[in-house]
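In what follows, a structure is listed as structure tokens, so that the remarks can point back to it.
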Amino acid sequence: MEQQLASILDKYQHNPLRLMDILIDIQESAGYISEEAVGYIAPELNISRADVEQTRSFYHFFSKKPTGKYSIFLNTSVTAYMMRRNAVARTFEQEAGIPFNSVTRDGLIGLFDTSCIGMSDQEPAAIINGKIFPNLTPFRVKELIRDIRAGKSMEELVVEGYGDGENSNEDIRAVVNNNIRKIGPVLDPRYKPGEVIWDILPKLTPEQVIEEVKNSNIRGRGGAGFPTGMKWELCRKAKADEKYIICNADEGEPGTFKDRVILTERPKLLLEGMVIAAYATGATRGILYVRHEYKYLKTYLENLIQGAHERNLMGNDIAGIKGFNFDVRIQFGAGSYVCGEESALIESAEGKRGEPRDKPPFPVESGYLGKPTVVNNVETFCSAVKVLLNGGEWYRSFGTEDSTGTKVLSISGDCRYPGIYEVEWGFSVNDICEMAGAEDIQGVQVGGPSGSLVGPGDFDRTLCFADLSTGGSLIMFNYSRDLLQDVVLNFTNFFIEESCGSCSTCRIMPVLLRDKLKKILDARGVKKDMDDILAWAEVLKASRCGLGQTASNPIISSIRNFKHLYEQKIRRGTEYDTGFDLNMAMQDGMAATGRFPVTQS
Amino acid sequence: MSKQITFTIDGETCKAEEGTYILDAARKNNKYIPTLCNLEGIPPKGACRMCTVKINGKLVTSCTTRVTDGMQIESEDPGLDDLRKSILEMLFVEGNHLCPSCEKSGSCELQALAYRYRMTVPRYPFFFPRRNIDSTHPKIIKDHNRCILCKRCIRAIKDQNGKSIFAFLNRGHHTKIYVDPDLADKLTDELADRAVEICPVGAIMKRGDGFKDPIGERKYDKQPIGSELEQQL
Ligand SMILES: Cc1cc2nc3c(=O)[nH]c(=O)nc-3n(C[C@H](O)[C@H](O)[C@H](O)COP(=O)(O)O)c2cc1C
Ligand code: SF4
Ligand code: SF4
Numbered sequence: 000m001e002q003q004l005a006s007i008l009d010k011y012q013h014n015p016l017r018l019m020d021i022l023i024d025i026q027e028s029a030g031y032i033s034e035e036a037v038g039y040i041a042p043e044l045n046i047s048r049a050d051v052e053q054t055r056s057f058y059h060f061f062s063k064k065p066t067g068k069y070s071i072f073l074n075t076s077v078t079a080y081m082m083r084r085n086a087v088a089r090t091f092e093q094e095a096g097i098p099f100n101s102v103t104r105d106g107l108i109g110l111f112d113t114s115c116i117g118m119s120d121q122e123p124a125a126i127i128n129g130k131i132f133p134n135l136t137p138f139r140v141k142e143l144i145r146d147i148r149a150g151k152s153m154e155e156l157v158v159e160g161y162g163d164g165e166n167s168n169e170d171i172r173a174v175v176n177n178n179i180r181k182i183g184p185v186l187d188p189r190y191k192p193g194e195v196i197w198d199i200l201p202k203l204t205p206e207q208v209i210e211e212v213k214n215s216n217i218r219g220r221g222g223a224g225f226p227t228g229m230k231w232e233l234c235r236k237a238k239a240d241e242k243y244i245i246c247n248a249d250e251g252e253p254g255t256f257k258d259r260v261i262l263t264e265r266p267k268l269l270l271e272g273m274v275i276a277a278y279a280t281g282a283t284r285g286i287l288y289v290r291h292e293y294k295y296l297k298t299y300l301e302n303l304i305q306g307a308h309e310r311n312l313m314g315n316d317i318a319g320i321k322g323f324n325f326d327v328r329i330q331f332g333a334g335s336y337v338c339g340e341e342s343a344l345i346e347s348a349e350g351k352r353g354e355p356r357d358k359p360p361f362p363v364e365s366g367y368l369g370k371p372t373v374v375n376n377v378e379t380f381c382s383a384v385k386v387l388l389n390g391g392e393w394y395r396s397f398g399t400e401d402s403t404g405t406k407v408l409s410i411s412g413d414c415r416y417p418g419i420y421e422v423e424w425g426f427s428v429n430d431i432c433e434m435a436g437a438e439d440i441q442g443v444q445v446g447g448p449s450g451s452l453v454g455p456g457d458f459d460r461t462l463c464f465a466d467l468s469t470g471g472s473l474i475m476f477n478y479s480r481d482l483l484q485d486v487v488l489n490f491t492n493f494f495i496e497e498s499c500g501s502c503s504t505c506r507i508m509p510v511l512l513r514d515k516l517k518k519i520l521d522a523r524g525v526k527k528d529m530d531d532i533l534a535w536a537e538v539l540k541a542s543r544c545g546l547g548q549t550a551s552n553p554i555i556s557s558i559r560n561f562k563h564l565y566e567q568k569i570r571r572g573t574e575y576d577t578g579f580d581l582n583m584a585m586q587d588g589m590a591a592t593g594r595f596p597v598t599q600s
Numbered sequence: 000m001s002k003q004i005t006f007t008i009d010g011e012t013c014k015a016e017e018g019t020y021i022l023d024a025a026r027k028n029n030k031y032i033p034t035l036c037n038l039e040g041i042p043p044k045g046a047c048r049m050c051t052v053k054i055n056g057k058l059v060t061s062c063t064t065r066v067t068d069g070m071q072i073e074s075e076d077p078g079l080d081d082l083r084k085s086i087l088e089m090l091f092v093e094g095n096h097l098c099p100s101c102e103k104s105g106s107c108e109l110q111a112l113a114y115r116y117r118m119t120v121p122r123y124p125f126f127f128p129r130r131n132i133d134s135t136h137p138k139i140i141k142d143h144n145r146c147i148l149c150k151r152c153i154r155a156i157k158d159q160n161g162k163s164i165f166a167f168l169n170r171g172h173h174t175k176i177y178v179d180p181d182l183a184d185k186l187t188d189e190l191a192d193r194a195v196e197i198c199p200v201g202a203i204m205k206r207g208d209g210f211k212d213p214i215g216e217r218k219y220d221k222q223p224i225g226s227e228l229e230q231q232l
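Going down the list, the protein sequences come from chains A and B.
Mapping to numbering that gives the first Met the number 0: the first sequence position 525 is 524, numbers consecutive.
Mapping to numbering that gives the first Met the number 0: the second sequence position 65 is 64, numbers consecutive.
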């Protein structure tokens, strides 16, 4: 063991800032991170055991106990349940002979739950030793467990053939499908890699690049919609010896999978966008932060970065521009939604727990290692390349006044054609339903759990920053779904599991709200419970980051837009209840003494 | 010395050096803003959210936000008072706070703030979590039942090489304080005393040492929390 640990430490130069990579490598090679391993690496990194433990214990994919020779992580997202996850999970348990969150006695198979893995259009999906297995059925599960027991290799477990497009590339070989159903500027296959860097950048000053991006009015695609040109300008103006460009490919919002498709099909466009941002801001280093669930893209992405170096699109004096140096490294996450929040992402890239920082200062002033840092979403970088290629004015010809350009949408749920659609901003929810072949729709979750659940009365509302702002996740639900039980409760549990735990409000209130919701779902609720939920949720506004601030959105937006569903569940004629049932509380005592209250008949 | 600036808290004019955190600036102007996680002299971390104030209608934590010239801060209005009371109630239901049997009673900041905000019984149901008392360390006893996860111990207590002794373990509502067993073994009496002192509640206690000040004669038995500033007015 020590030899292996020593070589992992050497690989990262005993640098505590690379603790994430070190723990990922240990987890992968040993199947878990033991007490002994923690005890060994802490002094080698010159940090305390506590420092290692706080990072190790934060991430879902780090385990203190062995996770099995084949560790199976089955997705718990809403869409997985809609596509019969329960049957798949039951079959896994029966065939493996163990319940979830345990490992078979022979150490062969481990079964675990995991939050949305970015495969909502091909659920139920599981990750087995880093490989994705989508579209699972009980039949397929039986095959998998049989083959695992027969000692087949990971390669041999694949029987479905590799997916479309680059998913079949020899550096990827994934069963995953892109399901691209509508292309636009970002997904346009006629893209010529490196064109902007070679032909356009050398003719422009960094200020002119920023001017063009500002002229396009493009706003961030990660959800918050901050103007990208302004972000780059703030970073350009910040004084520092070193600056960073970070691409946010954490894509944790349940129902979102468009960044996975861009990483698979247009990774060169993304890298080109990062190089342009580096030129504009004066940054010399970049980090591509990719969620752990997409680790199967590692070799592919690393080779592309290598290729960019060989073609002088990265490295020193890029495209012959004297003194323009820029290099990108990949940082993988380890299973944490909040790491998509930009400052948490930076903490994580520094090897720490993914706890968001107090703001201000914002990353453009003080980001990675305290240096000015631009964090942008995958799609933002891609769009910026097209802005420079065709001009800001051209870009503004797409979309609406305040939301220019296109948005790559991830559509899933009850529709005939789930997948990726690049559309102009300004489509209504109705348009989207028609486009994806969704009929008889009871509600649409716009923007994932942190967005809102809208009903038919709001289907004429449009997707844009001024109305329904979204990072691109749209999940459709038809009338066969129990929105409160299957959707609202699932999303609330998601926030509870993914809170970093640092703010009192976000750590405690979602649990209280979930318990209230459960009470209503159990038909024990009264009208006051709904009023309490609305009043109590207010404290979440005082949370540090977007996770806590939006953690009550599923409950609150469903109370607003689907009030009738709650009213059907609550007890009528009872305004208030004490939460205490005397008969229930006395039951044990009554049974023991054999004495029962006299009831009037 | 840096520039003096003027700002207001609840309409009253205050002065401070530019760049001061609002909470500290308020203190200098004899204005009390409640907090459970802030500690003078150590880097702030907006964890408890008690010091939340309103600026231009936006909620910000006063321990992490710096005052600027002309800033108008609202700190005491019915909405903010209820927010703070809610937070206190949430902290009470999250852990197991049995004041009558707690060594810290009377010098506990959580208890003192509950009195200040006239909390009688929390509006939320109690979690009654099962938590343990960790008495494996030679100098301190860590009672997880009382911990409010304010992170003071994490930020303020470091060994002579600057290494962390306390840390957060897990995340979300599973979060708890981890005590580094190796470093806790080497903890000096001085550092252990300091840890007990800075813990706002009774979650860190000194081993073999208790009830030095009799109940009834402790800090907040004598004067309510915040009054040391407010009496100056
Ligand atoms: C809890 C939380 C999760 C987030 N997850 C992501 C994410 O997965 N991807 C992303 O691009 N932005 C995410 N964001 C938004 C980022 O903080 C940040 O605004 C964004 O990366 C900036 O890039 P943009 O300006 O290009 O949108 C998240 C924010 C919060 C609060
Ligand atoms: S709001 Fe929640 S996730 Fe965000 S910093 Fe606070 S505790 Fe962490
Ligand atoms: S032990 Fe005390 S100081 Fe440390 S986090 Fe808990 S309450 Fe705060």
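Where is the CB? At the ideal position from N, CA and C, for every residue including glycine.
Do you know offhand how far residue i's Cα is from residue j's?
i: A:T263; j: A:E165; result: 6 Å
i: A:Y190; j: A:L268; result: 8 Å
i: A:C505; j: A:N552; result: 13 Å
i: B:K141; j: B:R129; result: 15 Å
i: A:E1; j: A:P15; result: 18 Å
i: A:G412; j: A:E433; result: 14 Å
i: A:L388; j: A:K213; result: 14 Å
i: B:D9; j: B:C50; result: 14 Å
i: A:A282; j: A:Q548; result: 32 Å
i: A:V538; j: B:P121; result: 14 Å
i: A:E364; j: B:G18; result: 15 Å
Give the C-beta separation of residue i and residue j to the nearest angstrom, bearing in mind that I take them to be a contact with Cβ-Cβ under 8 Å.
i: A:T113; j: A:T75; result: 7 Å
i: A:L473; j: A:V453; result: Between A:V453 and A:L473 the Cβ distance is about 10 Å, and since that is not below 8 Å, they are no contact.
i: A:L73; j: A:A86; result: About 12 Å separates the two Cβ atoms, so there is no contact after all.
i: A:G285; j: A:I245; result: 7 Å
i: A:L18; j: A:G350; result: 3 Å
i: A:Y394; j: A:I217; result: 7 Å
i: B:F125; j: B:V92; result: 5 Å
i: A:N376; j: A:N247; result: 5 Å
Is residue i buried or exposed, if buried means 16 or more other CB atoms sit within 10 Å of its CB?
i: B:L168; result: buried
i: B:G161; result: exposed
i: A:S56; result: buried
i: A:F132; result: buried
i: A:Y478; result: exposed
i: B:H173; result: exposed
Can you tell me whether residue i sits near ligand 4, meaning its C-beta is under 7 Å from at least one heavy atom of the ligand?
i: A:R189; result: Within the structure as shown, ligand 4 is missing, the only ligands being ligand 1, ligand 2 and ligand 3.
Should the stretch 407-420 of chain A be regarded as contacting the stretch 275-295 of chain A, the criterion being three or more beta carbon pairs within less than 8 Å? Between the stretch 407-420 of chain A and the stretch 275-295 of chain A, the count of Cβ pairs shorter than 8 Å is below three; the stretches do not touch.
Review point. When the Cβ atoms of the stretch 233-241 of chain A are set against those of the stretch 370-378 of chain A, are three or more pairs found closer than 8 Å?
Key: Contact check between the stretch 233-241 of chain A and the stretch 370-378 of chain A: three or more CB pairs, one atom from each, fall below 8 Å, which counts as touching.
**OP:** For the stretch 570-586 of chain A and the stretch 520-531 of chain A, state whether three or more C-beta atom pairs, one from each stretch, are separated by less than 8 Å.
**Re:** Yes, the stretch 570-586 of chain A is in contact with the stretch 520-531 of chain A.
- Message: When you compare the stretch 215-232 of chain B with the stretch 110-123 of chain B, are there three or more beta-carbon pairs, one atom per stretch, that lie closer than 8 Å?
- Response: Note that the stretch 215-232 of chain B touches the stretch 110-123 of chain B; at least 3 beta-carbon pairs, one per stretch, sit closer than 8 Å.
Name the residues in the stretch 50-69 of chain A whose C-beta lies less than 7 Å from a C-beta of chain B; which are they? Answer set for the stretch 50-69 of chain A: D50, E52, Q53, S56 and F57.
Checklist entry - Between the stretch 111-137 of chain B and chain A, which residues of the former have a C-beta closer than 9 Å to a C-beta of the latter? => result Per Cβ criterion, the list reads R122, Y123, P124 and F126.
Q.
Using a Cβ-Cβ cutoff of 8 Å, what residues of the stretch 535-548 of chain A are near chain B? List them in chain order.
A. Within the stretch 535-548 of chain A, the residues whose Cβ lies closer than 8 Å to some Cβ of chain B are W535, E537, V538, K540, A541, S542 and R543, listed in chain order.
Pull out every residue of the stretch 76-96 of chain A whose Cβ sits closer than 9 Å to any Cβ of chain B, in chain order. Cβ contacts with chain B come from no residue of the stretch 76-96 of chain A.
Can you give me, in chain order, the residues of the stretch 161-179 of chain B that have a beta carbon less than 8 Å from any beta carbon in chain A? Answer set for the stretch 161-179 of chain B: K162, S163, I164, F165, A166, F167, L168, N169, R170, G171, H172, H173, T174, Y177, V178 and D179.
### Message
To be precise: take each residue of the stretch 486-507 of chain A, compare its Cβ to all Cβ atoms of chain B, and keep it if any distance is under 8 Å. Which residues remain?
### Response
Within the stretch 486-507 of chain A, the qualifying residues are I495, E496, E497, S498, C499, G500, S501, C502, S503, T504, R506 and I507.
- [ ] Quick one: which residues of the stretch 149-182 of chain A get their C-beta closer than 9 Å to a C-beta of chain B? List them in chain order.
- [x] None of the residues of the stretch 149-182 of chain A has a beta carbon lying less than 9 Å from any beta carbon of chain B.
Select from the stretch 229-252 of chain A all residues with a C-beta closer than 7 Å to any C-beta belonging to chain B, and list them in chain order. Along the stretch 229-252 of chain A, none of the residues has a CB nearer than 7 Å to a CB of chain B.
Exercise. With 7 Å as the C-beta to C-beta threshold (strictly closer), list the residues of the stretch 323-357 of chain A near chain B in chain order.
Key: Going along the stretch 323-357 of chain A in chain order, one finds R352 and D357 with a Cβ nearer than 7 Å to chain B.
Tell me whether the stretch 287-295 of chain A and the stretch 312-330 of chain A touch, counting them as touching only if at least three CB pairs, one residue from each stretch, are closer than 8 Å. By the C-beta criterion, the stretch 287-295 of chain A is judged to be in contact with the stretch 312-330 of chain A, since at least 3 inter-stretch pairs fall below 8 Å.
Residues of the stretch 81-92 of chain B whose Cβ lies closer than 8 Å to any Cβ of chain A, in chain order
Answer in chain order: L82, S85, I86, M89, L90 and V92.
Note to self: Three or more C-beta pairs under 8 Å: does that hold for the stretch 478-489 of chain A against the stretch 114-124 of chain A?
What the structure shows: Too few Cβ pairs lie closer than 8 Å, so no.
Check whether the stretch 411-425 of chain A and the stretch 435-442 of chain A are in contact - that is, three or more C-beta pairs closer than 8 Å. Contact holds: three or more Cβ-Cβ distances are below 8 Å.
Using a Cβ-Cβ cutoff of 9 Å, what residues of the stretch 45-58 of chain B are near chain A? List them in chain order. Taking 9 Å as the upper bound on Cβ-Cβ separation, chain A lies near residues G45, A46, C47, R48, M49, T51 and L58 of the stretch 45-58 of chain B.
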